Each structure stands twice: as C-alpha cells, then as structure tokens.
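Take a look at the structure set out below.
Protein chains in written order, with the numbering used here: chain A, 8 to 216; chain B, 8 to 216.
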C-alpha cells in the first residue's frame, strides 16, 4: 500500500491506535470524536482530525468515528493485518540492536531473522531471532516472501548485499552502511546516515518531525 | 553556527571536501570550477554550483573557486575547525554501534566517550573511547564543553538522561529511545525513530534524500 502521508501524521498513528486499544469494551463499541482523542493524548484537535481523515473515511460530523472501525483503518494502514517480515544483514552492534528492538511491531513490521557470514554467529539467537548464514538469504526471503531488508554490514560489502537482497525479491532497503548504494531496478533504497542527522540537528535549522 | 541548508546539500559537503583534499598540491593551490567538481564526482553541475554557493562566497564567474579557500569554507561549515565533542548515554548495542562508527568525523563530530550505569562496563573501552559512569556525565560535559549528546538508553530512563544532559550544558540531543522527550528549555531534541523511517519507506511515498 502506497499513500501520500506526512511523516508527522505517520508518527502519530501508533499513538491513536494504542489509545483506541486501551479503551474499555463499551467505548470500543461506540463512537469517538477526534476532539476526544486529541484531549486524551494532549494533541491539537485540528491536527488529529486531519490525521484520522487521511487514513479513514469513517468520520461523520457531530458523530465522530466508530472506534472499532477507526482502529481497523489505522491498523490496516500500519500493516497490522498482514505483518510485513523484515530481515537484517550484518550482525555487528547496529544489526544486533535492530534485532533487539521491539518497536518495529508498532508499525506492523516483524524482524524475522538476521544474516551474517561469521560462522560463529550463525545458529545463535538474539531476542528470539535466529542468525542465519548470509548464503541462505535468497532462499529464506523468497520462501517467506520478504520485501523489506535492513543493511548494517560494513561499507565494503554493502553493495554486494544490496544486490543479493534484490535477487532475493526484496523491494525496500534501509541502508545504514556509509556508502551510497546503486539500487537495482524495482528496489527502493533509503540511506540512513546518523552523522548527517546529527549535523542537521547541531549545525542547521532542523525542523523537528 | 546555524544556517539554512537542505539535507541534500549537507549530505554532499563531505564528498566535496574529500575530493578537494585528494587533489595534488599544485591543484590545491589553484582554482577549480564547480563544473570540474561535478564531473569528477558524477554529479549535476547546477546542483554542485548551488551547494557550493550556500557555504562559500568565494566563487567567481569563469574563474571558479580557489580550491584551498573552498576547502576551508566547507571545513568551517562542517565544523572541522572546532571539532564538536559528542557523548553517548547507554551502552547497549546501539550505543556501542555509535562509539564504533567513525563516520561522524566526516561531519566534524568527535564521539568522546560513552556513559552507562553498569559497573561492569565502566572503565572498558570501545574503539578507543572510554565508558564512564553515568554519574560523571555532568562534570565531564561541563569541563569538556560538550554541547551534543546521543541517547540510546532504554525508554524508561530516557527522560531522566535527557534532564541530566540539559543540566550538564548539552544543547542538542539525538534521541533513539522510543519515547518522546520533554526537552528542557534551550535544548533541541531530535527523536530518531528507525521503525518510522522503515514505515515511510515501505508504506508511503518516500522522497529519497
């Protein structure tokens, strides 16, 4: 699903979802207004109304949203219905941090496993996720229909891993290696550069998300 | 130094700087055109011209830039003259990855040390950087005039660490904990959310930097 939505809106969707989930059963079966949600979360109600309208068509003037429908719409948008599997290549500290992080689930992503070429690591587990040999990546991704990969390998191997991921059917790559990747056709790469973020924060006018 | 510059421009500045550094001595002492730089780096020359104009006033029509002056201007912008010290709080895998990363230097940042409350870690080194007890943070930051901190502690301690950093005189915080921090006055916090970046990449129209 590809939609045009701002980072700001997207960052608030899990908040709305978690709030709706936390409602008592009788409220879940009733209606809820954007104003009530805004108040509960300490947000601007105009903003909340806009956010909700971008993912749900269920809002009615003076009635609000059916809480359960709204929860369904947000969940659908965030991919909760068909959790997307994600693999991570490179089990250095950054890769391990990815496997440890449980926050991905809030956005509908399941980190399934890590890949490395270090035989010492292969077969071990981090946070319940198995580290597999990188040579198994193509087969694993194909048979599990994985579309999303994270690259945390050293610079020198990043392009090779990127090509391998493309071969394995991966369509979206989040790249942490400090090298610009040539994305094979049909693959979207986002280069994550933490130093650059820091530079933007400390040296430039940085507009907070 | 705070300037209005785009992420895209900022991300290319280290490229220009490294290219200029790599020139033979005689070329370093001469002039160089934006077109020549663009060709050498495989970039669009209009873009290069714009990028350079945003950090240097030394460009002259038909003459180009004095290579050494331009290098100075870029270096100045990236903070190479007064390398900014950075501290990292939280020595989990993500924090360790920050200490291991040498890429920060390209943007004029020196990761000086890590902080943790785990006595087992205190006194050890990662990539030549010492892990100190978190109780020493205020004194360390004040006496080293540190303005930039990275938070990689668990959610539950992130706000406390943020307050401590503010107390220690830190003005810019890059926060990786999955919790929105209340920034004390005078402190800018950027919340880095990797799950959100992944969601933008895979679910939304993501404009590549």
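For each residue, glycine too, the CB sits at the ideal point set by N, CA and C.
It should be emphasised that the depicted structure is a prediction, and the values quoted were computed from it without experimental measurement.
Residue contact check for residue 140 of chain A against chain B: no CB pair falls below 8 angstroms. About 6 angstroms separates the beta carbons of residue 175 of chain A and residue 144 of chain A, which is inside the 8 angstroms limit, making them a contact pair. Within the stretch 148-174 of chain B, contact with chain A at the beta-carbon level (separation under 7 angstroms) is assigned to 155. In the structure shown, residue 96 of chain B falls within a strand segment according to DSSP collapsed to helix, strand and coil.
Relative to residue 200 of chain A, the option among A:191, A:187, A:210 whose CA is nearest is A:187. In the three-state reduction of the DSSP assignment, residue 150 of chain A falls in the helix class, which pools H, G and I. Rounded to the nearest angstrom, the Cβ distance from residue 20 of chain A to residue 81 of chain A is 5 angstroms, consistent with a contact under 8 angstroms.
In its chain, beyond the 5 residues on either side, 91, 93 have a beta carbon closer than 6 angstroms to the beta carbon of residue 116 of chain B. Chain B places a beta carbon closer than 8 angstroms to that of residue 111 of chain A, counting this residue as a contact.
Ranked by how close their Cα comes to the Cα of residue 135 of chain B, the residues B:109, B:83, B:170, B:60 have B:109 in first place.
Along the stretch 120-173 of chain B, the beta strand (DSSP E) occurs as fully enclosed runs of 3 or more residues at 136-140, 155-158, listed in sequence order. As a beta-bridge residue in DSSP terms, residue 38 of chain B pairs with B:73. Cβ-Cβ distances below 8 angstroms link residue 152 of chain B to 92, 176 in the same chain, with the five nearest sequence neighbours on each side left out; the list follows chain order. Under the three-state reduction of DSSP, residue 111 of chain A is assigned to helix. Using a Cβ-Cβ cut-off of 8 angstroms, residue 204 of chain B is close to 181, 197, 199 of chain A, given in chain order. Residue 159 of chain A sits buried, since 16 or more C-beta atoms from the chains shown fall within 10 Å of its C-beta.
Collapsing the DSSP output to three states places residue 25 of chain A in a helix. The C-alpha of residue 41 of chain B lies about 34 angstroms from the C-alpha of residue 168 of chain A. Interface criterion met: the Cβ of residue 207 of chain A is under 8 angstroms from a Cβ in chain B. With respect to chain B, the C-beta atom of residue 210 of chain A has a partner C-beta closer than 8 angstroms. If you compare the alpha carbons of B:85, B:114, B:123 with that of residue 101 of chain B, the shortest gap goes to B:123. Less than 8 angstroms separates the beta-carbon of residue 121 of chain B from that of residue 138 of chain B. Only residues of its own chain outside the window of five on either side were considered, and among them 121, 133 have a CB closer than 8 angstroms to the CB of residue 103 of chain B, listed in chain order. Residues of the stretch 101-129 of chain A with a C-beta less than 9 angstroms from any C-beta of chain B: 101, 102, 103, 104, 105, 106, 107, 108, 109, 110, 111, 112, 113, 114, 115, 116, listed in chain order. Close to residue 77 of chain B, with beta-carbon spacing below 8 angstroms, lies no residue of chain A; the smallest spacing is near 18 angstroms.
Here residue 196 of chain B is bridged, per DSSP, to B:180. Taking a C-beta distance under 8 angstroms as the contact criterion, residue 77 of chain B and residue 59 of chain B qualify as a contact pair. A distance below 8 angstroms between beta-carbons, with the five flanking residues on each side excluded, links residue 46 of chain A to the following residues of its chain, in chain order: 52. Under a 10 Å Cβ-count criterion, residue 97 of chain B is classified as buried, with 16 or more other Cβ atoms of the shown protein chains found around its own Cβ. Taking a beta-carbon distance threshold of 8 angstroms, residue 91 of chain B counts as an interface residue toward chain A. For the options A:179, A:193, A:204, the alpha carbon positioned closest to that of residue 185 of chain A is the one of A:204. Here residue 44 of chain B carries a helix assignment [DSSP, helix/strand/coil]. If you draw a 10 Å sphere on the C-beta of residue 63 of chain A, you find 16 or more other C-beta atoms in it, and that means buried. Scanning chain B for C-beta atoms nearer than 7 angstroms to the C-beta of residue 17 of chain A yields 203, 206, 207, 211, reported in chain order. Taking a Cβ-Cβ threshold of 7 angstroms, none of the residues of chain A is close to residue 82 of chain B; the smallest such distance is about 13 angstroms.
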